[in-house]
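Taking it in order: structure first as structure tokens, then the write-up.
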Amino acid sequence: MKSFVGKVISDKMRKSVVVAVDRLVRHRLYPKTVRRTTKLMAHDEENACKIGDEVRIESSRPLSKRKHWVVTDIIRRMRVYNQLSSAAAVGKNVSSTELSAEGTLGASTTPPGKGQG
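The UniProt record's numbering numbers the first residue of the sequence shown as 1 and each following residue consecutively.
Structure follows, in structure tokens:
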């Protein structure tokens, strides 16, 4: 059975993921190696895969019109960065309202030289 390693780029479907598999191909005319990406739909029975996870997929019988692959194992999980937990680890006293105000502060001001009227 064929087996590929790729990265999950979509997990919006139930029990299905889209996996991007990269491969290096030599260009026919020019002496250059080019990276090609193939998107494959794979079956994920437990809905365990999330976007960014590196997974191994194997070929299987056709499960639907576009799904001919099954996720066999998750090689590496995507790291999730949480700003609140990192601030707490440093020892800062940050509330969620301060974080949301930080992101919208620059959007409400008018650009310099642009007045009302």
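Don't be surprised by glycine CBs; every beta carbon is placed ideally from N, CA and C.
Checklist entry - If arginine 56 sits next to valine 5, beta carbons under 8 Å apart, how far is it from one beta carbon to the other, in whole angstroms? => result Here residue 56 refers to the residue found at position 56 of the sequence shown. Here residue 5 refers to the residue found at position 5 of the sequence shown. Confirmed, about 5 Å.
Next on the checklist: Can you list, in chain order, the residues of its chain with a C-beta nearer than 6 Å to that of valine 18? Leave out the 5 residues immediately preceding and following it.
Outcome noted: To locate residue 18, count along the sequence shown from 1; it is residue 18. Answer for valine 18: Ile9, Ser10, Lys39, Met41, listed in chain order.
Checklist entry - Where does methionine 13 sit, in a helix, a strand or coil, going by DSSP? => result Mapped onto the sequence shown, residue 13 falls at position 13. Three-state DSSP puts methionine 13 in coil, outside helix and strand.
Checklist entry - If isoleucine 75 and alanine 48 are in contact, beta carbons under 8 Å, what's the gap, nearest whole angstrom? => result Locating residue 75 in the sequence shown gives position 75, counting from the first residue. Locating residue 48 in the sequence shown gives position 48, counting from the first residue. At roughly 12 Å, the Cβ-Cβ gap does not stay under 8 Å, so isoleucine 75 and alanine 48 are not in contact.
Checklist entry - By how many angstroms is the C-alpha of valine 25 removed from the C-alpha of tryptophan 69? => result Your numbering for residue 69 matches position 69 in the sequence shown. Your numbering for residue 25 matches position 25 in the sequence shown. So the two alpha carbons sit approximately 22 Å from each other.
Item to check | Rounded distance between the beta-carbons of lysine 15 and aspartate 44, thought under 8 Å | outcome: Mapped onto the sequence shown, residue 44 falls at position 44. Mapped onto the sequence shown, residue 15 falls at position 15. Yes, they are in contact, since the Cβ atoms of aspartate 44 and lysine 15 sit about 6 Å apart, within 8 Å.
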